[in-house]
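Scroll down for the structure; my scribbles are underneath it.
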Amino acid sequence: MRSDNIVISFIFLLVLCIGGIGERNSRKHSIFAPSSSHALRHSAKRHMLAQDVDNVENASAFVIDYAKLHSDSLIQYPSNVKTESNHTTASSMSTENSLSDHCQVDSPCDSLSGSCLRCAYNYSCIYGEDVSVTCEPKDGIRCQGDRVFTRVYNCRYCYQTPAYEHICQRNTSCHVVSAPRQRFIAKCSVKPHVLCLGKRTFAKHVPCNWTKGYNWGTALLLSIVFGGFGVDRFYLGMWQEGIGKLFSFGGLGVWTLVDVILIATGYLGPADHSLYIRT
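Going letter by letter, the sequence shown gives residues -22 to -1, 1 to 257 in mature numbering (1 follows the signal peptide of the UniProt record, and there is no 0).
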């Protein structure tokens, strides 16, 4: 609408400019022809007025055509709002469907996982104490048997659960082989069967601990047997050192011996700073 107002204002200014130029031209003709009759001056003025009226009519017709041309885009606003509401409704329906699929539809109600239940937790319970709580399935979940039942849980918040009761995302960009061990903030979620207080998803400060499958025994064996050819360095992803070790014949045995000691003690690890798999 703002652009439409700018266009209309520009058209009317153009009409006024045209009218002013025509009036100045008529005055020039009257100066250079002083003998012109009064009737001619009046006819020239009437001609200019008629021309202004024609220009205004043309401008108004242009404005009407412009409005008709852009009327479809102006009418589209309610449809956009409706589309967004439909999208929101569809997303909420898909969320409910995924929740129903995850929660084992038509299974016994008292066997549903904790993420599928709505429980009346007692937040004034004593930490570490086993407490009974009344639960029921969340909206949209179909199950068999009584929808209201009692479960027993350990009084603690979800972020206080032990490591074997929750799952955390891994970070493969941190350095495992460092002193002290690097730590990062991971997003963790309690396992489905666990009942706990608070949010089931939380942030936790965990140590950097990840691997890409490099085996410590394999690296040590390659260093002892084929260390003179740099095979151990190639295996660990250190191809520059591997080439140097290959063309120097393992540093005449000295480099090979040093690498055996470094790998055996765990000081020399993979090039991507991951952990060994020890079997």
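All residues carry an ideal CB built from backbone N, CA and C; glycine is no exception.
Quantities reported herein were computed from a predicted structural model and do not represent experimental measurements.
Residue from the options whose Cα sits closest to the Cα of residue i
i: Asn100; options: Ser91, Arg125, Gln160, Val130; result: Val130
i: Asp237; options: Gly215, Met216, Gly205; result: Gly205
i: residue 308; options: Val184, Ser226, Ile145; result: In the structure displayed, the chain extends from -22 to 257; residue 308 sits before or after that span and is not available.
i: Val209; options: Cys186, Leu90, Glu107, Thr234; result: Thr234
i: Phe227; options: Ser91, Ser201, Thr112, Asn193; result: Ser201
i: Leu214; options: Val232, Leu230, Ile241, Lys169; result: Ile241
i: Asn187; options: Arg148, Leu173, Tyr245; result: Arg148
i: Cys87; options: Asp117, Glu107, Ile104; result: Asp117
i: Ala181; options: Cys133, Ser167, Tyr192; result: Ser167
i: Asp250; options: Glu143, Pro115, His153, Asn132; result: His153
i: Gln122; options: Phe212, Ser85, Gln138; result: Ser85
i: Asn132; options: Glu143, Asp124, Arg125; result: Glu143
i: Arg96; options: Val184, Gln160, Leu173; result: Leu173
i: Asp108; options: Arg120, Thr128, Ile119; result: Thr128
i: Cys195; options: Gln138, Ser151, Cys113, Thr243; result: Residue identity differs from the one stated: residue 195 is Gly in this sequence, not Cys. Selected option, being the one with the closest Cα: Thr243.
Where the alpha helix (DSSP H) through residue i begins and ends
i: residue 262; result: Here the chain covers residues -22 to 257 and nothing more, so residue 262 does not appear.
i: Lys223; result: 217 to 225
i: Ser201; result: 194 to 204
i: Val238; result: 232 to 242
i: Arg211; result: 209 to 213
Buried versus exposed call for residue i [16 or more other C-beta atoms within 10 Å across all chains shown]
i: Tyr254; result: buried
i: Ala141; result: exposed
i: Cys94; result: buried
i: Trp217; result: exposed
i: Ser57; result: Here the model assigns Ser57 a pLDDT of 37, short of 50, so the residue's position is not dependable, and the following value carries that caveat. By the 10 Å Cβ count, Ser57 comes out exposed.
i: Ile42; result: A caution first: Ile42 carries a pLDDT of 44, below 50, which makes its placement in the model too unreliable to give a value.
i: Leu175; result: buried
i: Val232; result: exposed
i: Ala197; result: buried
i: Ile163; result: exposed
i: Gly247; result: buried
i: Pro115; result: buried
i: Ile104; result: exposed
i: Ile221; result: exposed
i: Arg134; result: buried
i: Ile239; result: exposed
i: Arg211; result: buried
Residue i, enclosing beta strand (DSSP E) - first and last residue
i: Leu246; result: Unbroken run through Leu246: none, as it is neither H nor E.
i: Leu173; result: Careful: Leu173 lies outside any beta strand (DSSP E) and carries neither H nor E.
i: Ser91; result: Per DSSP, Ser91 belongs to no beta strand (DSSP E) and is neither H nor E.
Rounded distance between the beta-carbons of residue j and residue i, thought under 8 Å
i: Lys165; j: Thr179; result: 7 Å
i: Val111; j: Ala98; result: 6 Å
i: Lys169; j: Cys136; result: Their Cβ separation, rounded to whole angstroms, is 10 Å, which puts Lys169 and Cys136 out of contact at 8 Å.
i: Cys81; j: Ser89; result: About 10 Å; that fails the 8 Å criterion.
i: Tyr192; j: Ser102; result: Their Cβ separation, rounded to whole angstroms, is 50 Å, which puts Tyr192 and Ser102 out of contact at 8 Å.
i: Arg161; j: Val184; result: 6 Å
i: Leu224; j: Phe207; result: 5 Å
For residue i: DSSP bridge partner residues
i: Ser167; result: Ile145, Thr179
i: Phe162; result: Val184
i: Gln122; result: Pro86
i: Cys103; result: BP columns for Cys103 are empty, so no partner.
i: Thr128; result: Thr112
i: Tyr135; result: Leu175
Minimum Cβ-Cβ distance from residue i to chain C less than 8 Å
i: Cys174; result: Here chain C cannot be found, since the structure has a single protein chain.
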